[in-house]
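Heads up, the thing below is written out as C-alpha cells.
Residue numbers (the numbering used here): 209 to 730.
Shown next, in the form of C-alpha cells:
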C-alpha cells in the first residue's frame, strides 16, 4: 500500500491554501471536439469562480501526430467561445513556455531522476522485438510479469546497460510499477477511486527521440506550473494510477492537484462516446468550428459555421453533464460562473441531443439584440453578393425574422425576399381559387397604397386599408390575405404580411403586386 494515498481526504484539506490554477492541455492533432470545449468551459468557470488562473498548454510532444495549423485552430475556437486563457502560448505568462515541445529539457532530468531512484528503468527492446512478443502473447503488456525476461536495465547488468547507452542504442524510459499494491486517490466527481497495480503496465515515460510521453509530461508540467485542479475526461481514468505514482515517486505528493474526471459526452442513443463519425452519420457537427485537414483538404463542419451563436454553444455545453438543481436552462456566462459547482456535475455520461442543441440556438437568436447578430448576417450577405441599402433596413429585417431562425444561416431562407424579388410564386396555392373579383381588388389596392404618404406607410395603416377594401369588395380577409403574402414573398411563409409590406416600402410593394398579377394570369 502506498501510504499517503490510503487517506485521499488528507490531500483535499491541504489544498485549501493553494491558489486555484487550472489548465486545458490539448494535443494539436485536428479539430476540437465539443467534449474538449466542455472541459475548457468547466476549467474556465471553476477558475473564474475562485479568482484563479486558466492556463492553455499545448501538448505537442507526439511529433508523429502533430498537425500544422491545429494549435492556432484551438486558440481560435477558445476565442470564439469567449473562453480565452489567462496564460498560454500566445499571451505568455510566468510559467512560459506553454508548448511542451519547447520544454523538452525539463523532462529528461526527471526521467533520469526516476531511474536513479529505482522508480523507472531503461528499455532497449526494438520495435521488432516488441512485435514478436505481441505475436507470441496476444494480450502482451510490458510490466512486472515479464520485464525480467525483456531487454532492459533491470534484466541487464549495469555494465551492459552503460555500454548500450554509450553506443547510442535507441532506448526508452519506463516507469517501474510494483505489483501487489493499491493506488488510491480522491476525485471531486467520483469520490474515492482505487486501482490495483497488478493491472497497471510499465508505461513509457521518455521516448527514444528524447520527447516525453503524455504520462511524464503532464505530471512534470502540472507540478512546474503549480496546477491546483486537473480537469479531464473520464477516458483518462485508466491512466490515473501511473500519474498518481509519478507524483509519489518524484516526491511531489503534497503538490498534487485535485482530480476531476468529467463524464463522457455520449452518442444520442447513449451507446458510447460521441465521435466525429457519429456526427457525419447523423448529420450534425461535433467540432466547435470548421476544421480543414491540411493533408486531404477535407472540411469537417463546426457549430460556428452551422450558425450557432457562441453563447448558445457554451450554454448548451454547460448543461451536458451539469445542472444547477433548478429548472433553469438559459444561462449567460456570468450566471454560469456564479452557479457552477463540481458537486452538480454528473458521474454518468450525458447524451448529446441535436434537437436540444437546436433549441438553444433558436432561443439565443430569438432573444438576441439585433446588433449582436448583425455582423454575422452581414458576412453571409456579402458572401452572397447582396447589397443592403442601409444598416437600418437590415436591422429592421433581422428584427422581423430572427424569432423564426434556428441558426444564423437560416437568415437568407427566412428573409431573401426582403432583398430580391421572388423568383417564382406558389401558384398552386392561388390559381384554383382566383377570380376576377380578386384581380379587381388588388388593382384597387395598388391605387390605394400608391396614394399613401410616407407617414401613413406603416403596418397598422396598411392593414386597416387592406381590410376596408376587402369589405367594400365583398371579400373575406382570408380570400386575399394569402395571395397578398405570395405576391410579396413567393410562398406561404414569412413574418406578418403588413410588416413585410411596410419594410419593402410603397414602390416595391406595389411593383410586386403588379408583377404577381401578371404571373397569376390576371
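Note that the Cβ used here is the ideal one computed from N, Cα and C, for glycine as well. All values reported here derive from a predicted model rather than from experimental measurement.
- One Cα belongs to residue 473, the other to residue 535, and the distance between them is close to 21 Å.
- The segment 238 to 254 and the segment 274 to 287 touch, with three or more beta-carbon pairs separated by less than 8 Å.
- Pairwise C-beta distances place the segment 596 to 607 out of contact with the segment 643 to 663, as fewer than three of them are shorter than 8 Å.
- Counting along the chain, residue 328 sits inside no alpha helix (DSSP H); it lies in the beta strand (DSSP E) bounded by residues 328 to 331.
- Contact between residue 570 and residue 514 does not hold, since the beta-carbon distance rounds to 13 Å and is not under 8 Å.
- Here DSSP, grouped into helix, strand and coil, assigns residue 499 to strand.
- Per DSSP, reduced to three states, the secondary structure at residue 467 is strand.
- Shown here, residue 526 sits in a helix according to DSSP, grouped into three states.
- Excluding sequence positions up to five before and after residue 517, its CB lies within less than 6 Å of the CB of 572, all in the same chain and listed in chain order.
- Minimum Cα-Cα distance from residue 621 among the listed residues 706, 270, 437, 592 corresponds to 592.
- As the crow flies, the alpha-carbon of residue 365 is around 14 Å from that of residue 374.
- Assignment of residue 560 by DSSP, reduced to helix, strand and coil, places it in the coil class.
- Annotated three-state conformation of residue 508 is strand, per DSSP.
- The Cβ atoms of residue 328 and residue 413 sit closer than 9 Å to each other.
- Below 8 Å, too few C-beta pairs join the segment 392 to 399 and the segment 414 to 422 to call them touching: fewer than three.
- Cα atoms of residue 626 and residue 717: separation of roughly 11 Å, rounded to the nearest angstrom.
- Bounds of the beta strand (DSSP E) holding residue 400 are 399 to 404.
- Per DSSP, residue 261 lies in no alpha helix (DSSP H) segment; the continuous beta strand (DSSP E) that holds it begins and ends at 261 to 264.
- Using a Cβ-Cβ distance cut-off of 8 Å, the segment 479 to 497 and the segment 449 to 458 are not in contact, since fewer than three pairs of beta carbons, one from each stretch, lie closer than that value.
- Within the same chain, and ignoring the five residues on either side of residue 333 in sequence, the residues whose Cβ sits closer than 6 Å to its Cβ are 358, 359.
- With a minimum length of 3 residues, the unbroken runs of beta strand (DSSP E) contained wholly in the segment 317 to 372 fall at 328 to 331.
- In the three-state scheme derived from DSSP, where H, G and I count as helix and E and B as strand, residue 553 is classed as strand.
- Between the C-alpha atoms of residue 320 and residue 566 there is a straight-line separation of about 52 Å.
- For residue 232, the enclosing beta strand (DSSP E) covers residues 229 to 232.
- Residue 383: member of the beta strand (DSSP E) spanning 380 to 383, first to last residue.
- Contact annotation, residue 468 with residue 438: C-beta distance approximately 7 Å; criterion of less than 8 Å satisfied.
- Assigned with DSSP and collapsed to three states, residue 245 falls in helix.
- Sequence-distant Cβ neighbours of residue 309 in its own chain, meaning closer than 7 Å and more than five residues away, are 268, 269.
- The straight-line gap separating the alpha-carbon atoms of residue 641 and residue 660 is approximately 29 Å.
- In the structure shown, residue 576 falls within a coil segment according to DSSP collapsed to helix, strand and coil.
- With a threshold of 16 other beta carbon atoms within 10 Å, residue 698 meets it and is buried.
- Collapsing the DSSP output to three states places residue 395 in a strand.
- In the DSSP assignment, residue 413 falls within the beta strand (DSSP E) that extends over 412 to 414.
- Non-local C-beta neighbours of residue 526 in its own chain, meaning closer than 7 Å and more than five positions away in sequence, comprise 249, 539, 544, ordered along the chain.
- Inter-segment contact for the segment 664 to 671 and the segment 683 to 696 is absent: fewer than three beta-carbon pairs are separated by less than 8 Å.
- For residue 276, the closest alpha carbon among the candidates 503, 253, 494, 421 is that of 503.
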